[in-house]
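Engineer: Every position in the sequence shown, counted from 1, becomes a number in the numbering used here once 9 is added.
Below is the structure I would like to discuss, written out as structure tokens.
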Amino acid sequence: MREIWVKIAPWNKELVLTALEGGAHGLWVEDGRGQDVAELARIPVIASDGDFVPGETSEIFKISDGSQEEAVAALSVSRLVVLECTDWTIIPLENLIAKKADVMPVVRSFEEARTAFGILEVGVRRVMLDIQEPAALQAALSGLQEVHGSEMLEEAVVTEIRPLGMGDRVCVDTCTSMLPGQGMLVGDSSSALFLVHAETESNPYVAPRPFRVNAGAVHAYTRVDGGRTRYLAELKAGDSVMLVDSSGNTSPAVVGRVKIEKRPLLLIRAEVAGKGIHTIVQNAETIRLTAPGGRPVSVVSITPGDRVLVCLEEGGRHFGHAVEETITEQ
Numbered sequence: 010m011r012e013i014w015v016k017i018a019p020w021n022k023e024l025v026l027t028a029l030e031g032g033a034h035g036l037w038v039e040d041g042r043g044q045d046v047a048e049l050a051r052i053p054v055i056a057s058d059g060d061f062v063p064g065e066t067s068e069i070f071k072i073s074d075g076s077q078e079e080a081v082a083a084l085s086v087s088r089l090v091v092l093e094c095t096d097w098t099i100i101p102l103e104n105l106i107a108k109k110a111d112v113m114p115v116v117r118s119f120e121e122a123r124t125a126f127g128i129l130e131v132g133v134r135r136v137m138l139d140i141q142e143p144a145a146l147q148a149a150l151s152g153l154q155e156v157h158g159s160e161m162l163e164e165a166v167v168t169e170i171r172p173l174g175m176g177d178r179v180c181v182d183t184c185t186s187m188l189p190g191q192g193m194l195v196g197d198s199s200s201a202l203f204l205v206h207a208e209t210e211s212n213p214y215v216a217p218r219p220f221r222v223n224a225g226a227v228h229a230y231t232r233v234d235g236g237r238t239r240y241l242a243e244l245k246a247g248d249s250v251m252l253v254d255s256s257g258n259t260s261p262a263v264v265g266r267v268k269i270e271k272r273p274l275l276l277i278r279a280e281v282a283g284k285g286i287h288t289i290v291q292n293a294e295t296i297r298l299t300a301p302g303g304r305p306v307s308v309v310s311i312t313p314g315d316r317v318l319v320c321l322e323e324g325g326r327h328f329g330h331a332v333e334e335t336i337t338e339q
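In structure tokens:
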């Protein structure tokens with residue numbers, strides 16, 4: 010999961026509260042202020058009296074030229090490395106990421122943070138926001154939380170819909186209220202995931218539950234943060250999952266509850282670029298896939314020829330990580 014830390018020096022309680030309320034994952038404060046943070050919230054802190062002590066379990070590294078890149082990469086293996094640089098055009102982050110250096114660059118705007126998260130299509134795992142004005146910090150945190158990355162979505166043509174009988178399906182209740190067009194990527198193959206829409210729609214029988222994605226059968230994969238996949242049956246409260254909208258924008262969400270229950274199931278087959286794909290979902294009106302443009306379409310009303318949004322990838326998966334090998338899943 011990508012993390013957004015905030016530097017607060019000199020000490021500013023208003024800025025600390027803004028960071029905490031904005032969902033910051035950690036703070037860097039002046040030495041001796043770690044206990045002041047602990048009185049406000051439980052959150053990792055870089056400080057002499059914090060969780061990461063500079064010079065011991067963390068390192069504030071001021072990089073000035075390319076000859077220091079190897080040292081930074083080696084240091085990041087055992088310590089939390091905060092990387093300061095006056096000019097990122099001189100020391101490109103691409104070099105450090107290519108060397109597998111796990112560093113947290115200091116960035117001074119929303120735009121710099123977005124760039125750091127997207128470098129080499131991998132990006133850094135953490136950034137340290139150095140924004141010393143509460144309103145600007147709040148805006149940056151909000152923007153970074155809302156749009157976390159992106160996935161390339163394609164249109165698939167439905168070819169078959171067939172009832173399968175009973176099986177175990179998984180409902181994922183998140184701690185986020187989703188909007189129309191949002192849901193989770195789910196599928197029987199890690200290389201072909203359908204955008205299953207959140208329960209944002211009203212119907213005569215059930216009130217909307219915008220925090221919920223009735224995702225599919227227990228064996229199915231779903232995409233989670235960091236580009237990994239997990240089985241739906243593995244998810245539990247406190248885990249992070251990836252939400253996706255119809256434009257491919259992604260954002261993380263915390264799982265609040267997972268419900269596995271026996272329900273009638275439905276097989277949906279589709280085709281995209283000559284490739285056959287499929288997923289298994291509950292056979293009920295409230296379960297919806299996502300049509301181009303973001304329109305939710307109930308699985309009980311889908312017919313062959315309809316188009317739905319999917320995400321494809323090449324290669325296979327090993328323990329949730331993408332690998333360069335040929336894997337056939339039928």
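Positions of the beta carbon are idealized from the N, C-alpha and C atoms, including for glycine.
Just so we're clear, the structure is a prediction, and the values are computed from it rather than from any experiment.
Which residues in the same chain as D234 place their Cβ atom closer than 6 Å to its Cβ, once the five residues preceding and following it in sequence are excluded?
Structural biologist: For D234, where only same-chain residues beyond five positions count, the Cβ hits under 6 Å are M10, S249, M251, P261.
Engineer: On the CB-based measure, 16 or more other CB atoms within 10 Å of its CB, does H356 come out buried or exposed?
Structural biologist: This structure cannot settle anything about residue 356, because the visible part of the chain is limited to 10 through 339.
Engineer: Would you tell me roughly how many angstroms separate the C-alpha atoms of G285 and R135, rounded to the nearest one?
Structural biologist: C-alpha separation (whole angstroms): 38 Å.
Engineer: For V167 versus V317, is the C-beta spacing smaller than 8 Å?
Structural biologist: Cβ atoms of V167 and V317: closer than 8 Å.
Engineer: Could you tell me which residues DSSP puts in a beta bridge with A262?
Structural biologist: Answer is V250, bridged to A262.
Engineer: Residues in the same chain with beta-carbon distance under 7 Å from T288, minus the five sequence neighbours each way, listed in chain order, please.
Structural biologist: So the list reads V195, G196, D197, F203, G225, A229, I277, once near-sequence residues are dropped.
Engineer: Distance check for R178 and E294, CA to CA, integer angstroms please.
Structural biologist: Roughly 15 Å between the two C-alpha positions.
Engineer: Exposed or buried, what is W20 when buried is set at 16 or more other beta-carbons lying within 10 Å of its beta-carbon?
Structural biologist: The residue in question, W20, is exposed, as its Cβ has fewer than 16 Cβ neighbours within 10 Å.
Engineer: Within 10 angstroms of its Cβ, does R51 collect 16 or more other Cβ (buried), or is it exposed?
Structural biologist: Exposed, by the Cβ-count rule.
Engineer: Does DSSP classify I170 as helix, strand or coil?
Structural biologist: Here I170 sits in strand by DSSP.
Engineer: Smallest Cα separation from L298: which of G236, G176, N223, V215?
Structural biologist: Nearest of G236, G176, N223, V215 to L298, Cα basis: N223.
Engineer: Which of the three DSSP states, helix, strand or coil, is assigned to D341?
Structural biologist: There is simply no residue 341 to check, as the chain begins at 10 and stops at 339 in what is shown.
Engineer: For the beta strand (DSSP E) holding N212, just list the boundary residues, first then last.
Structural biologist: Looking at the DSSP string, N212 is not in any beta strand (DSSP E), and its letter there is neither H nor E.
Engineer: By alpha-carbon positions, which one of A246, V319, S200, C184 ends up nearest to P219?
Structural biologist: Nearest of A246, V319, S200, C184 to P219, Cα basis: C184.
Engineer: Please name the residue, chosen from V267, T259, G236, R237, that lies closest to K245 on a Cα-to-Cα basis.
Structural biologist: Checking every option, the nearest Cα to that of K245 belongs to V267.
Engineer: Whole angstroms is fine: what's the gap from L36's alpha carbon to E270's?
Structural biologist: In a straight line, the C-alpha of L36 is about 41 Å away from that of E270.
Engineer: Measure the Cβ-Cβ separation of W14 and L102 and say whether it is below 8 Å.
Structural biologist: No.
Engineer: If we require 4 or more residues per run, which alpha helix (DSSP H) segments fall completely within the region 54-133?
Structural biologist: The region 54-133 contains these whole alpha helix (DSSP H) runs: 78-84, 102-107, 119-127.
Engineer: What does a CB cutoff of less than 6 Å around L29 pick up in its chain, not counting 5 residues either side in sequence?
Structural biologist: The residues are A50.
Engineer: Judging by CA-CA distance, which residue of P273, G283, A279 is the nearest neighbour of I296?
Structural biologist: That would be P273, whose Cα lies nearest to the Cα of I296.
Engineer: Out of curiosity, what's the CA-to-CA distance linking R42 and R221?
Structural biologist: Each residue's Cα considered, the two are about 40 Å apart.
Engineer: Can you tell me the Cα-Cα spacing of P143 and L24, whole angstroms?
Structural biologist: Roughly 5 Å separates the two Cα atoms.
Engineer: Quick one: what's got a C-beta closer than 6 Å to C320's C-beta in the same chain, skipping five residues either side?
Structural biologist: Counting only Cβ-Cβ distances below 6 Å, and skipping sequence neighbours, we find E160, L162, L194, L202.
Engineer: Specify, as a first and last residue, the run of the alpha helix (DSSP H) that K245 falls within.
Structural biologist: Where K245 is concerned, there is no enclosing alpha helix (DSSP H), given that its DSSP letter is neither H nor E.
Engineer: Where does A110 land, buried or exposed, given buried means 16+ other C-beta within 10 angstroms?
Structural biologist: It is buried - the Cβ of A110 has at least 16 other Cβ atoms within 10 Å.
Engineer: Helix, strand or coil for S342? Go by DSSP, reduced to three states.
Structural biologist: The chain is shown only over 10 to 339; residue 342 falls outside these bounds and no answer can be derived.
Engineer: Hey, how far is the Cα of D45 from the Cα of D58?
Structural biologist: C-alpha separation (whole angstroms): 10 Å.
Engineer: Please confirm whether R237 has its beta-carbon closer than 8 Å to some beta-carbon of chain D.
Structural biologist: In the structure shown, chain D cannot be found, because there is only a single protein chain.
Engineer: What does a CB cutoff of less than 7 Å around G302 pick up in its chain, not counting 5 residues either side in sequence?
Structural biologist: Same-chain partners within the cutoff: S255.
Engineer: Count the other CB atoms within 10 Å of the CB of L153; is the residue buried (16 or more) or exposed (fewer)?
Structural biologist: Answer is buried; the Cβ neighbour count reaches 16.
Engineer: My output table needs one value for N21: the three-state DSSP class, helix, strand or coil.
Structural biologist: N21: coil per DSSP, three-state reduction.
Engineer: Note down the Cα distance separating E39 from A300, rounded to an integer number of angstroms.
Structural biologist: Distance between the alpha carbons of E39 and A300: 51 Å.
Engineer: What are the boundary residues of the beta strand (DSSP E) that includes P305?
Structural biologist: Start and end: 305-307.
Engineer: Whose CA, out of L89, P53, N104, lies closest to the CA of S76?
Structural biologist: That would be N104, whose Cα lies nearest to the Cα of S76.
Engineer: From the DSSP output, in three-state form, read off V15 for me.
Structural biologist: Strand at V15.
Engineer: If you run the structure through DSSP and keep just helix, strand and coil, what is A229?
Structural biologist: Coil at A229, not helix or strand.
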